[in-house]
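Working notes, structure below.
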Amino acid sequence: SRYLAVDCEMVGIGSEGQQSALARVSITNWNKDVVLDTFVKVPGKVTDFRTWVSGVQPKHLKSDQAMDVDACRKTVARLLKGKILVGHSLKNDLHALMLNHPKQDIRDTATYRPFQRLGGKKWRPRKLRDLVKQHVGLTIQEEGQSHDSVDDANATMDLFKVAREVWERELEQKKKKLPVNK
1 SRYLAVDCEM VGIGSEGQQS ALARVSITNW NKDVVLDTFV KVPGKVTDFR TWVSGVQPKH
61 LKSDQAMDVD ACRKTVARLL KGKILVGHSL KNDLHALMLN HPKQDIRDTA TYRPFQRLGG
121 KKWRPRKLRD LVKQHVGLTI QEEGQSHDSV DDANATMDLF KVAREVWERE LEQKKKKLPV
181 NK
């Protein structure tokens, strides 16, 4: 599978839990198979588990199955190498993973113009939940429920599939510097 979707969940560290630390990484493929789903041992003290949104609990990070952050980073880097990365607000996930990915191999549904809204005079990202409801007809991240990074990665892939043909054609045209035929 050329395309992999990634979603990460964060917990808060530092005073008042203001800084984000990687706590869970989920990677799924085009067919919604889970390629990786792991909790991550957070170096240092977690001051806010953000369980209400992240779904992460202390037991998850203490578990023997939780990966060391460096091992996780290396595993993710190996899995993503040569792949097209699909996600929503990937900048945050890549930052948390301390990874770079070639710009031409990123498909970020938060920064894709047709999925954005005009707010003030700027194009702004919309919530993944709203985009998936509108374009895919799926309900994710229900009110009062924490996020699930596997569900969110799959939902982002579903959203990408809706736009893929046009999106990839636009990127090809940009590469060739030709006007896009709509």
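Oh and the sequence shown: position 170 is 170 in full-length UniProt numbering, straight run, nothing missing.
Glycine included, each C-beta is placed from N, C-alpha and C at the ideal position.
Since the structure is predicted, the reported quantities are computational estimates derived from the model, not experimental observations.
For residue i, which three-state DSSP category applies?
| i | result |
| --- | --- |
| G17 | helix |
| D48 | strand |
| R126 | coil |
| R73 | helix |
| T109 | coil |
| R2 | coil |
| M10 | strand |
| A23 | strand |
| L138 | coil |
Tell me whether the beta-carbon of residue i lies closer than 8 Å to the beta-carbon of residue j.
| i | j | result |
| --- | --- | --- |
| A163 | V86 | no |
| A71 | L99 | no |
| R107 | F49 | no |
| V132 | S26 | no |
Please classify residue i as buried or exposed, where buried requires at least 16 neighbouring CB atoms within 10 angstroms.
| i | result |
| --- | --- |
| G82 | exposed |
| L171 | exposed |
| G12 | buried |
| D68 | exposed |
| L118 | exposed |
Which first and last residues belong to the beta strand (DSSP E) in which residue i is found?
| i | result |
| --- | --- |
| V86 | 84 to 87 |
| R119 | The displayed chain sequence assigns Gly, not Arg, to residue 119. Element bounds for G119: 117 to 119. |
For the alpha helix (DSSP H) containing residue i, name the first residue and the last one.
| i | result |
| --- | --- |
| D37 | Not the alpha helix (DSSP H): D37 falls in the beta strand (DSSP E), residues 34 to 41. |
| L97 | 90 to 97 |
From the options, pick the residue whose C-alpha is nearest to that of residue i; which is it?
| i | options | result |
| --- | --- | --- |
| L61 | T38, K175, R113, G14 | T38 |
| S1 | R169, M157, K175, E165 | M157 |
| D148 | V35, A66, N29, W52 | W52 |
| S89 | L79, D64, F115 | F115 |
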